[in-house]
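**Student:**
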Amino acid sequence: MFVRNKSTLNERIENMAKVTFVTESGEEIMENDGTGNLMEIARQNDVDGIIGACGGVCSCATCHVRVKPEWMERVGRPGEDEQDLLELEGRADERSRLSCQIEMTDELDGLVVEVAPL
Amino acid sequence: MSKCPYHDPFAEKRTKGPILETEFDGDPVAMILGLKDVRKAARDWKTFSSDAPFRVPIPREENLRSVRQFPIESDPPEHTEYRKIVEPAFNRPNEPEYQARMTGLIQEMISETTSCQSVEAVSEFALPLQSRALTYLLGVPESEAQTWIKWGVHVLRDGDGPTKGKEMEHYCKEAFKRSSRWEENNFFSLLNEATFRGRLLTDDEKLGFANLAFAGGRDTVINTVCLILAHFAHHPDDLERLRKEPELVNCAGEEFVRFATPLTHIGRKCPADTEVHGAKVKADQLISLCWASANFDDTVFDKPTEIRLDRKPNPHVAFGNGAHTCLGAPHARLIIRTLLTQLTELVSSITFLSGQPKIEKTVDYERVNSFESLQLRLNLK
Ligand code: HEM
Ligand code: FES
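These protein sequences, in sequence, are chains A and B. Just so you know, the first sequence maps onto residues 0 to 117 in numbering that gives the first Met the number 0. Just so you know, the second sequence maps onto residues 0 to 380 in numbering that gives the first Met the number 0.
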């Protein structure tokens, strides 16, 4: 498995919250230089399968991820708007979230999400 | 003319059932109307196939072009491979330099317009904007747009359709030869060099890709741009709101696309006898995915005939859904978002002078799809 870590040696960045995206092909992409929501972090780092077409306004669902079970509680449940869109997706399940609706915080340091197939 | 030229011609039909059994070109077509049903069918390519040259657009286009369009008129797994060939070109709008160019273009065009007493927004604003912006996507010199503008709003369908379709195809054939003089990785040279399953693309395949890039992204963009301008002319409060809340631009952009739904529907062919929500469809007959009906489905959208800049969620299907989701969407979204931002920056108000709605007349419905002509004045800030 190929692990890409785009962090620099800069200590400030080293201390930032990390998130790992497991893409469909099994590639694990670990990011710890991101701020903003998970979709934006994924886009900044060209994570395969996260498109974010609508720019994060709950319209396109091209930012669909599945949260690892052990992280579900901390990440939380989808909001109402998000849930409505997920229900239309067909392929959503109880671990599904739209990554544009998840703000990266220190609390989520170490988070692992799987990129859902489009 | 009513202040809001839009209506949803499918509202009553949806209350009667999930399908409108109608006809186009003398053949039966079962139109799927509800949002959930449309989304589901759009993803079920085995039952509802795009492997139907000239028949994915409705009405069919045998007389308007000589080649099958790619990647739209193909199914997976071929479709996936065809689509991959052009994906890099269609993703260029994600680059910051591309976005900066778009801002520059739209600023220039708005500034030119505001110095005029009035502007015919379809032919003097939206069409040149669409064509000039397309030169960025295709990576060709901006001067090429002069030729494209002359093809008119639809290319394939405007007035004397066949002639213009031919003219466009002739242009494309020449462009494949001229492309080595243009910037690296332009759309035409990309297709010249592309391979499909270990061989170069055929001339017809290349032409099919180019044909769609010109035809698919034309009236769709033009209609949406005109709808936005007319909306702000009739609803100055919405322009003010966007000025005060610029963070709504992405949301508002999606809402304008939903409301405009410039591509009313698209066809799919049933390879086998199928029953679609009670309607019997014989093998080789068409169904249609009616994006325009789905986007006004009031079981999903609250007050769908209202434009709400902050509508969220907004699961519209104006760009389609599933494997064939619009490849030009990043480009179209960039045009729309940039237009919204620049209007708030440069324009104080828009005056509506006159407008002639564009009406799609079919056997069973009439749909207003933006404007045939739209006379406006843009008032500088
Ligand atoms: C507001 C503007 C636009 C709208 C509403 C729109 C709408 C659509 C829709 C609904 C589809 C799906 C067709 C299907 O399922 O069979 C589609 C596909 C497509 N569109 Fe657009 N479009 C727009 C702009 C553009 C632009 C600017 C371009 C290119 C310059 C473009 C190129 C394409 C292509 C190549 C496909 C085929 C994708 C595939 O088959 O995989 N579109 N468009
Ligand atoms: S980016 Fe469109 S829904 Fe998340």
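All residues carry an ideal CB built from backbone N, CA and C; glycine is no exception.
1) So the candidates are Arg13(B), Pro8(B), Val28(B) and Ala10(B); which of them puts its Cα closest to the Cα of Ile265(B)?
2) Would you say Val220(B) touches ligand 1, meaning its beta carbon is less than 7 Å from a heavy atom?
3) Below 7 Å CB to CB, which residues in the same chain sit around Pro58(B) once its five sequence neighbours on both sides are set aside?
4) Cβ closer than 7 Å: which chain B residues qualify as neighbours of Gly75(A)?
5) Could you tell me the boundaries of the beta strand (DSSP E) in which Ile28(A) lies?
6) Could you give the DSSP three-state label for Arg366(B): helix, strand or coil?
7) Please find out if some non-hydrogen atom of ligand 2 comes closer than 7 Å to the beta-carbon of Cys250(B).
8) Tell me whether Arg336(B) is buried or exposed, calling it buried when 16 or more other Cβ atoms sit within 10 Å of its Cβ.
9) Going by the beta-carbon positions, is the gap between Ile84(B) and His276(B) smaller than 8 Å?
10) Determine, for Cys250(B), whether the minimum Cβ-Cβ distance to residues of chain A falls below 8 Å.
11) Beta-carbon distances below 7 Å to any heavy atom of ligand 4 define the shell here; list its residues in chain order, please.
12) Use the C-beta contact count for Pro161(B): other C-beta atoms within 10 angstroms, 16 or more gives buried, fewer gives exposed.
13) Run the CB neighbour count on Asp159(B), radius 10 Å, all protein chains shown included, and call it buried at 16 or more, exposed below.
14) Please name the residues in the segment 34 to 67 of chain B whose beta-carbon is closer than 8 Å to at least one beta-carbon of chain A, in chain order.
15) Let me know if Glu183(B) comes out buried or exposed under the rule of 16 or more other beta-carbons within 10 Å of its beta-carbon.
16) Distance, Cα to Cα, Thr14(B) vs Ile306(B)?
17) Hey, is Val21(A)'s beta-carbon within less than 8 Å of any beta-carbon in chain B?
18) Could you give the uninterrupted runs of the beta strand (DSSP E) lying entirely in the segment 192 to 233 of chain B, keeping only those of 3 residues or more?
19) Can you pull out the residues from the segment 91 to 107 of chain A whose beta carbon lies closer than 8 Å to at least one beta carbon of chain B?
20) Measure the C-alpha to C-alpha separation of Arg42(A) and Gly54(A) and round it to an integer number of angstroms.
21) Kindly indicate which three-state DSSP category Pro356(B) falls into: helix, strand or coil?
22) Hey, is Val114(A) close to ligand 1, as in C-beta under 7 Å from one of its heavy atoms?
**Tutor:** Let me lay it out:
1) Taking the first residue of the second sequence as position 1, residue 265(B) is located at position 266. Answer by Cα proximity: Val28(B).
2) The sequence position of residue 220(B) within the second sequence is 221, counting from 1. Result yes, Cβ under 7 Å from ligand 1.
3) Within the second sequence, numbered from 1, the residue matching residue 58(B) stands at position 59. Excluding positions up to five away in sequence, the list reads Phe23 and Asp24.
4) In the first sequence, the residue the question calls residue 75(A) occupies position 76. In chain order: nothing, as chain B lies at least about 17 Å away.
5) For this step, residue 28(A) is matched to residue 29 along the first sequence. Counting along the chain, the unbroken beta strand (DSSP E) around Ile28(A) starts and ends at Glu27 to Glu30.
6) Against the second sequence, residue 366(B) aligns to sequence position 367. Strand at Arg366(B).
7) In the second sequence, the residue the question calls residue 250(B) occupies position 251. Result no, Cβ not under 7 Å from ligand 2.
8) Here residue 336(B) refers to the residue found at position 337 of the second sequence. By the neighbour-count definition (other C-beta atoms within 10 Å, threshold 16), Arg336(B) is a buried residue.
9) By 1-based counting over the second sequence, the position of residue 84(B) is 85. By 1-based counting over the second sequence, the position of residue 276(B) is 277. A distance of 8 Å or more separates the beta carbons of Ile84(B) and His276(B).
10) Counting from one through the second sequence, the residue named residue 250(B) turns up at place 251. Cys250(B) has a beta carbon lying within less than 8 Å of a beta carbon in chain A.
11) Although ligand 4 was asked about, the structure shown includes only ligand 1 and ligand 2 as ligands.
12) Here residue 161(B) is taken as the residue at index 162 of the second sequence, counted from 1. With a pLDDT of 49 at Pro161(B), under the threshold of 50, the modelled position of that residue is not reliable, and no figure is offered here.
13) Here the question's residue 159(B) lines up with position 160 in the second sequence. Reliability of the predicted coordinates at Asp159(B) is poor, the pLDDT of 43 falling under 50, and the value obtained from them is presented with this limitation in mind. Around the Cβ of Asp159(B), a 10 Å sphere holds fewer than 16 other Cβ atoms; the residue is exposed.
14) Going along the segment 34 to 67 of chain B in chain order, one finds Leu34, Lys35, Arg38, Lys39 and Arg42 with a Cβ nearer than 8 Å to chain A.
15) Reading the second sequence from its first residue, position 184 is the one you call residue 183(B). With fewer than 16 other Cβ atoms from the protein chains shown falling within 10 Å of its own Cβ, Glu183(B) counts as exposed.
16) For the purposes of this step, residue 14(B) is identified with residue 15 of the second sequence, where counting begins at 1. For the purposes of this step, residue 306(B) is identified with residue 307 of the second sequence, where counting begins at 1. Approximately 22 Å between the Cα atoms of the pair.
17) For this step, residue 21(A) is matched to residue 22 along the first sequence. Output row for Val21(A): interface = no.
18) Secondary structure within the segment 192 to 233 of chain B: not one fully enclosed beta strand (DSSP E) run of 3 or more consecutive residues is present.
19) Within the segment 91 to 107 of chain A, no residue has a Cβ that lies closer than 8 Å to any Cβ of chain B.
20) Your numbering for residue 42(A) matches position 43 in the first sequence. Your numbering for residue 54(A) matches position 55 in the first sequence. Cα to Cα, the separation comes out at about 10 Å.
21) For the purposes of this step, residue 356(B) is taken as residue 357 along the second sequence, with counting starting at 1. Pro356(B) falls in the strand class under three-state DSSP.
22) For the purposes of this step, residue 114(A) is taken as the residue at position 115 of the first sequence. Outside the cutoff, so no.
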